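>
Numbering (the working numbering), first residue to last: 3 to 229.
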């Protein structure tokens, strides 16, 4: 999956979840200097979340939340001239933990913690929230739960925009998750959130659902492009 993403998407930044250690499992398939651009942290079940930044050495951020190691992985870039603002930027790859408490409660706790990392920098959050992260169109059979809407509002209050929603106004949500036991409904639990100041540079945000990606994971990649 890492090789496919780096070759097919060629991202400047990649936020990955449920990944095994890229150093141990992927090094033989990639250039030696690739691993220096990745920060990965494991959960107790050995896979974890990662952030990749092309051609740079991101600095890991320690998140003071016991029990969340590997579920939320963050990095900081002090020199980010290619961002829309040119400010320091922090990226967080988030996977809402399972088995701790209801997803909306645990995501709310994570966002409260991440708000503390917004001082004098741009904040980007992306990943699998395990709840619907975009507003559903009135034509959709599935409806957003009030707790999901509360999380969406919490992200807006942090000054963040939903890249997919911003570029697909008044449209039914795209499917980002296909559960094996129920693959047809348009579960939309994966997203990318960036500062409002980046909105004018946002060109597109698409969910990739080609046969190649469907064969690799039950999640579809979400790709945002900026000028």
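A virtual CB, placed ideally from N, CA and C, is assigned to each residue, including glycine.
Predicted, not measured: the structure shown is a model, and the values here were computed from it.
Would you decide whether residue 65 is buried or exposed? Buried here means 16 or more other CB atoms lie within 10 Å of its CB.
As a first step, residue 65 must be located in the chain shown, where it is residue number 63. Classification of residue 65: buried, given that the 10 Å Cβ count is 16 or more.
> Taking buried to mean at least 16 other C-beta atoms within 10 Å of its own C-beta, is residue 24 buried or exposed?
For the purposes of this step, residue 24 is taken as residue 22 along the chain shown, with counting starting at 1. That one is buried.
> Strictly by DSSP, which residues pair up with residue 200?
Taking the first residue of the chain shown as position 1, residue 200 is located at position 198. Note: residue 200 sits in no beta bridge, so no partner.
> Within this structure, are the beta carbons of residue 149 and residue 123 separated by less than 9 Å?
Counting from one through the chain shown, the residue named residue 149 turns up at place 147. Counting from one through the chain shown, the residue named residue 123 turns up at place 121. Contact: no.
> Following the continuous alpha helix (DSSP H) through residue 217, name the residue where it begins and the one where it ends.
Locating residue 217 in the chain shown gives position 215, counting from the first residue. Taken as a continuous stretch (DSSP letters only), the alpha helix (DSSP H) holding residue 217 covers 213-218.
> To the nearest angstrom, report how far apart residue 78 and residue 56 are at their CA atoms.
Residue numbering aside, residue 78 sits at position 76 when the chain shown is read from its first letter. Residue numbering aside, residue 56 sits at position 54 when the chain shown is read from its first letter. Spanning the two alpha carbons is a distance of roughly 13 Å.
> Pull up the CB-CB distance for residue 136 and residue 164, whole angstroms please, since I reckon it's below 8 Å.
Residue numbering aside, residue 136 sits at position 134 when the chain shown is read from its first letter. Residue numbering aside, residue 164 sits at position 162 when the chain shown is read from its first letter. Confirmed, Cβ separation roughly 6 Å.
> What residues in its chain sit with their C-beta under 8 Å from that of residue 181, if we drop five residues either side in the sequence?
Working through the chain shown from its first residue, we reach residue 181 at position 179. Here the set comprises 189, 220.
> Identify whether residue 21 lies in helix, strand or coil by the three-state DSSP scheme.
Translated into positions along the chain shown, residue 21 becomes position 19. The answer is strand: DSSP assigns residue 21 an E or B state.
> Rank 53, 208, 61 by C-alpha distance to the C-alpha of residue 173 and give the top, closest one.
The sequence position of residue 173 within the chain shown is 171, counting from 1. Measuring from the Cα of residue 173, the nearest candidate turns out to be 208.
> Expressed to the nearest angstrom, what Euclidean distance is found between the alpha-carbon atoms of residue 74 and residue 113?
Taking the chain shown and counting its residues from 1, one reaches residue 74 at position 72. Taking the chain shown and counting its residues from 1, one reaches residue 113 at position 111. Taking the straight line from one Cα to the other gives about 11 Å.
> Comparing C-alpha positions only, which one of 144, 103, 179 sits nearest to residue 217?
The residue labelled residue 217 in the question sits at position 215 within the chain shown. Taking only the C-alpha atoms, the option nearest residue 217 is 179.
> Whose C-beta lies closer than 7 Å to the C-beta of residue 199 among residues of the same chain, with five residues either side of it excluded?
Walking along the chain shown from the start, residue 199 turns up at place 197. The residues are 86, 87.
> So, helix, strand or coil for residue 165, using DSSP?
Residue numbering aside, residue 165 sits at position 163 when the chain shown is read from its first letter. It is helical.
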